[in-house]
Amino acid sequence: ESQAIVQWMEGDLNGVVNCIETHPRFPVMATSGLDKDVKIWIPKKENDPDFKGMKKVVRENSFSPHRPLF
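UniProt numbering numbers the first residue of the sequence shown as 1 and each following residue consecutively.
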């Protein structure tokens, strides 16, 4: 257990973030500051993901008995 910084993100142009909200289930957050924009943040790998086989996974997930996302 460490308190090391593992990631940082720059806020708006004025350097002030007034509000930050996280999604209850997904690794997504929204921020807003003095520039009156809402920014949506999601994790991203350095390299783009490999989409090989994605259609099959989407098709399988569309028939999944899980509850709706929203």
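For every residue, glycine included, the Cβ atom is placed at its ideal position computed from N, Cα and C.
Distance from the CA of Lys-55 to the CA of Val-38, rounded to the nearest whole angstrom, comes to 31 angstroms. In the three-state reduction of the DSSP assignment, Val-28 falls in the coil class.
Annotation for Glu-21: Ala-30 place their beta carbon closer than 6 angstroms to its own, counting only its chain and skipping 5 residues before and after.
Going by C-alpha positions, Ala-4 is about 21 angstroms away from Ile-42.
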